[in-house]
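Beneath this line is the structure, given in structure tokens, with notes to follow.
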Amino acid sequence: MSQDTQQVAQEAAYEPLRIRERFRPWSWVSTALILVVMAVLLQALLTNPNFQWDVVAKYFLSSSILKGLVHTLELTALSMLIGVSLGTLLAVMRGSRNTALSGASSAYIWFFRGTPLLVQLIFWYNLSSLYPSLVLGIPFTGIDFGSVVTNTVISPYTAALLGLGLNQAAYTAEIVRAGILSVPHGQLDAAASFGMTRGLTLRRVVLPQAMRVIIPPVGNETIGMLKTTSVVSVLAMPELLYSAQIIYARTYEIIPMLIVASLWYLLVTTVLTLIQMQIEKKYAVRGPAAEDGTFKQFVRRAWRTHASRTGTSLAKANMTGARP
84 MSQDTQQVAQ
94 EAAYEPLRIR
104 ERFRPWSWVS
114 TALILVVMAV
124 LLQALLTNPN
134 FQWDVVAKYF
144 LSSSILKGLV
154 HTLELTALSM
164 LIGVSLGTLL
174 AVMRGSRNTA
184 LSGASSAYIW
194 FFRGTPLLVQ
204 LIFWYNLSSL
214 YPSLVLGIPF
224 TGIDFGSVVT
234 NTVISPYTAA
244 LLGLGLNQAA
254 YTAEIVRAGI
264 LSVPHGQLDA
274 AASFGMTRGL
284 TLRRVVLPQA
294 MRVIIPPVGN
304 ETIGMLKTTS
314 VVSVLAMPEL
324 LYSAQIIYAR
334 TYEIIPMLIV
344 ASLWYLLVTT
354 VLTLIQMQIE
364 KKYAVRGPAA
374 EDGTFKQFVR
384 RAWRTHASRT
394 GTSLAKANMT
404 GARP
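The opening position of the sequence shown corresponds to residue 84 in the working numbering, with each subsequent residue numbered one higher.
Written out as structure tokens, the structure reads:
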């Protein structure tokens, strides 16, 4: 055997093996079934005149719908602001060594998670039936600093904000508490060894590390809150769904108006999802575990793998005296 033949044989021996995936017929069958179902749904959406897509296009950007959308976004933002702020406070109280603080936090979470949101909304809206006026003063002393008629304070907007925000705080408290518990206890010991107070340790050590655990579920809660605001339509609050209901109560075009509201919910949910993904990337754990789904990371991993295989082949070729 000539030297050239030996070199070719050695190079072939070090060629990387080609991995061929096993043929999976069920994968093709399931893909075909999904495509068929999607085609059927698409045909049903496009060919059924009862959807009245012309009516959908007519009202999609109408002023009343856009005003309702603005109210929905306002309710979502303010309710989550109340929920996250109060929920964080409740989570800290829940982990306090003070029995009164931890007990009050547990009672709050128990009550607001144990009663339906719709009941809470109706209760706040009808608060004047229980308290015709709200009085600010010192209990059991007869000293009053002022009073106001309840109906002047509790409007449909205020009732919706109280119901959504206070209810959300109970769920956010458990999310924040889970994030705090995810921080290793050794971090607290290290902070204490530096003379840091419990409050400073919470702000500088615990909460920054807990954000990686807190942000994903809070993002999901925000998206859920966007859709939960539709419940306040029972209070005659002119948010997105109620604005659509006002229109179809006049025109009897129920399905097209529900489609308009649904499309806006889908659009805003998509935007919030993209924002959530960017925030999660910012707080993601650095390292191999964080290099998941981005195209940039995919290209980088592929290039590293290729370079590693090329370097290994060159090293083996040099060891055997073969040409790379």
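Every residue, glycine too, gets a C-beta built ideally from N, C-alpha and C.
- DSSP places F228 in no alpha helix (DSSP H) but in the uninterrupted beta strand (DSSP E) bounded by 226 to 232.
- A residue is called buried once 16 or more other Cβ atoms fall within 10 Å of its Cβ, and L213, having fewer, is exposed.
- The residue from M360, A327, Q203, S216 with its alpha-carbon nearest to that of S145 is A327.
- A straight line joining the alpha-carbon of R333 with that of V314 spans about 21 angstroms.
- For S179, the three-state secondary structure derived from DSSP is coil.
- Between the C-alpha atoms of W347 and K150 there is a straight-line separation of about 12 angstroms.
- Contact between the segment 249 to 264 and the segment 163 to 173 is present: three or more C-beta pairs spanning the two stretches fall below 8 angstroms.
- Secondary structure of G220 (DSSP, three-state): strand.
- The closest CA to that of Y191, considering only G278, T114, L173, is found on L173.
- The three-state reading of DSSP puts L144 in coil, since its state is none of H, G, I, E or B.
- When secondary structure is reduced to three states using DSSP, P215 falls in the coil class, being assigned neither helix nor strand.
- When the five nearest sequence neighbours on each side are left out, the beta carbons in the same chain lying within less than 7 angstroms of the beta carbon of T233 are those of L210, S211, Y214, P215, S216, L217, in order along the chain.
- Annotated three-state conformation of N133 is helix, per DSSP.
- Annotation: G278 is outside any alpha helix (DSSP H) and is labelled neither H nor E by DSSP.
- Burial of S162 is indicated by the presence of at least 16 other C-beta atoms within 10 angstroms of its C-beta.
- I330: member of the alpha helix (DSSP H) spanning 323 to 334, first to last residue.
- With respect to the C-alpha of V175, the residue from P299, G262, V120 having the closest C-alpha is G262.
- Shown here, M308 sits in a helix according to DSSP, grouped into three states.
- For Y366, no alpha helix (DSSP H) run applies, since DSSP gives it neither H nor E.
- When DSSP states are grouped into helix, strand and coil, I192 belongs to the helix group.
- If the five residues before and after A344 are omitted, its C-beta is found closer than 7 angstroms to the C-beta atoms of L323, L324, A327, all from its own chain and listed in chain order.
- The continuous alpha helix (DSSP H) containing A253 extends over residues 239 to 264.
- Comparing C-alpha distances from M320 to each of D137, S238, G170, M294 shows the shortest one belongs to S238.
- Residue V259 holds the alpha-carbon nearest to the alpha-carbon of G178 among V259, W109, D137.
- Taken through DSSP and simplified to helix, strand or coil, A344 comes out as helix.
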